[in-house]
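Residue numbers (my numbering): 3 to 522.
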């Protein structure tokens, strides 16, 4: 049996060639045009010596060329290595060397960092392909222009027939526990996850219009938006960089039906001052993942947008979706749902024994969505995958009905004077405050207790309060050892490109925040 993820595009182009596949602003691209461009790029890569088993790095934002390059790379039998577009030169060099990438495909807006990365790498990466914007200057010297390569190669490349367990994509983890590791996701991993998302979780069809506000270099946007849409033959509206106004314009202009995002994106849309000026009635469902959505935020979004938010859970290592709330009838607000089709999940203790419902432990997963392993890191792979189960590093509980609840990251847990404090529980309490827009609870060093609980708070526009009032508010809602003794106010919480709050940055900035300490 053979399987190449590029079949997603090829099958949809075969059955609906003139259907619009991509929309960006006023420009559209049909399935046949997308397939032909991908075939041309595959031919170009092949002429550059790229073939089965090679790696091609992709430093491109949410523009049509990302999709073209992605499926073109897959067609050659090579693996796609999507890179975070915010990486700097030294970081790009690390990713190129670690993945052993042969070619770097980079958007012209990132050329300075791309060139620095290429120069700083070990020399395995042989070529730089420059993706030009419509009015861009393109490549120079030995660099190759993306548009020129497409024009030079006819769309006749015969897709290489990979095996299901061959690596399709290498997704680099965020590196919270050291330097980023590349999770090897197979063609079968990616195909099954896209199919499950489209068919079994969201009941998508060719009339659906999704919006790519999540970066496509991230596994959430890649699988749950791009691959799921292409598989079902729907239309994907591209937003190069998430901005609330751009997203609202796209929802209205393209008639978006499915919005997938992280909780902070929903909050930005909810707080946009001109929200009432946009027609968002085309939306039929919202998907939330990447971080837990506070219950109060979910209620506010559903009431204002008139849609149901279905929350799921996954990681880069799981392609990504592992559990999901499948419908408004079945969902449990606050949970991340049930394991998806073909997946098993359990909660285990420190000795890897399954714990009873209601007890906290580490979430472990098994199924078609779990990665092959970490690229060139057998020890890290063995540590993460034990007896066939992937250990997520997330603290969870399971209720009597089999629904899972993410309590926190193992590494985010605060140990205050010997007591375990789970930040999400305290954050949920603080989100009930009518003036709080965003909050993150973190642990900061304490001489006697080991760690102290601290809250970093961003207030809604026009709202203000004091640290003492925030502490008093939390004190009424959580146990005495849980409420924050230190409060810092900021205009906005730092976030990753996908909208996740960067708690590591907050820990650095909060440890010395003497003036906001509150005793009690």
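Glycine included, C-beta positions come from ideal geometry on N, C-alpha and C.
None of the values given here were measured: they were computed from a predicted structure.
- A residue is called buried when at least 16 other Cβ atoms come within 10 angstroms of its Cβ; residue 123 meets this threshold and is buried.
- By alpha-carbon distance to residue 451, the top candidate from 439, 150, 423 is 423.
- Looking at the DSSP output, residue 46 sits in no beta bridge, so it has no partner there.
- A straight-line Cα-Cα distance of about 8 Å links residue 222 and residue 323.
- Secondary structure of residue 400 (DSSP, three-state): strand.
- DSSP links residue 31 through a beta bridge to 24.
- CA-CA distance, residue 395 to residue 195, rounds to 21 Å.
- Three or more beta-carbon pairs separated by less than 8 Å are not found between the stretch 158–172 and the stretch 298–308, which leaves the two stretches without contact.
- Beta-bridge partners assigned by DSSP to residue 503: 497.
- In the structure shown, residue 368 falls within a strand segment according to DSSP collapsed to helix, strand and coil.
- Two segments are said to touch when three or more pairs of C-beta atoms, one from each, lie closer than 8 Å; by this definition the stretch 288–300 touches the stretch 263–272.
- Secondary structure at residue 384: helix, using DSSP grouped into helix, strand and coil.
- Here residue 456 carries a strand assignment [DSSP, helix/strand/coil].
- Using a 10 angstroms sphere on the CB of residue 353, the tally of other CB atoms stays under 16, which defines it as exposed.
- A direct Cα-Cα distance of roughly 15 Å separates residue 201 from residue 325.
- Distance from the CA atom of residue 212 to the CA atom of residue 460, rounded to whole angstroms, is 30 Å.
- With a 10 Å radius around the Cβ and a threshold of 16 neighbouring Cβ atoms, residue 275 comes out exposed.
- In the DSSP assignment, residue 316 is bridged to 323.
- With at least 16 other beta carbons inside 10 angstroms of its own, residue 42 counts as buried.
- Distances from the CA of residue 60 to each of 441, 189, 116 were compared; the closest alpha carbon is that of 116.
- In this structure, the straight-line span from the alpha carbon of residue 67 to that of residue 133 is close to 7 Å.
- Beta-carbon to beta-carbon, residue 402 and residue 359 are separated by about 5 Å, close enough to satisfy the 8 Å threshold.
- If you draw a straight line from the Cα of residue 109 to the Cα of residue 148, it comes to about 9 Å.
- When secondary structure is reduced to three states using DSSP, residue 422 falls in the strand class.
- Distance from the CA of residue 104 to the CA of residue 22, rounded to the nearest whole angstrom, comes to 32 Å.
- The stretch 34–53 makes contact with the stretch 152–160; the number of CB pairs closer than 8 Å reaches 3 or more.
- Under DSSP, residue 251 shares a beta bridge with no residue.
- Counting the other Cβ atoms within 10 Å of the Cβ of residue 417 gives fewer than 16, which makes it exposed.
- Relative to residue 311, the option among 292, 320, 335 whose CA is nearest is 335.
- In the three-state scheme derived from DSSP, where H, G and I count as helix and E and B as strand, residue 111 is classed as helix.
- Under the DSSP assignment, residue 348 falls in the beta strand (DSSP E) whose first and last residues are 345–350.
- Straight across, the Cα-Cα distance linking residue 314 with residue 292 is about 8 Å.
- The way I'd put it, the stretch 236–247 does touch the stretch 10–30; three or more beta-carbon pairs between them come closer than 8 Å.
- Boundaries of the beta strand (DSSP E) harbouring residue 81: 81–84, taken from the DSSP string.
- Here residue 90 has 115 as same chain residues with Cβ atoms under 7 Å from its own Cβ, once five neighbours each way along the sequence are excluded.
- The C-beta distance from residue 455 to residue 441 rounds to 12 Å, too long to meet the 8 Å contact threshold.
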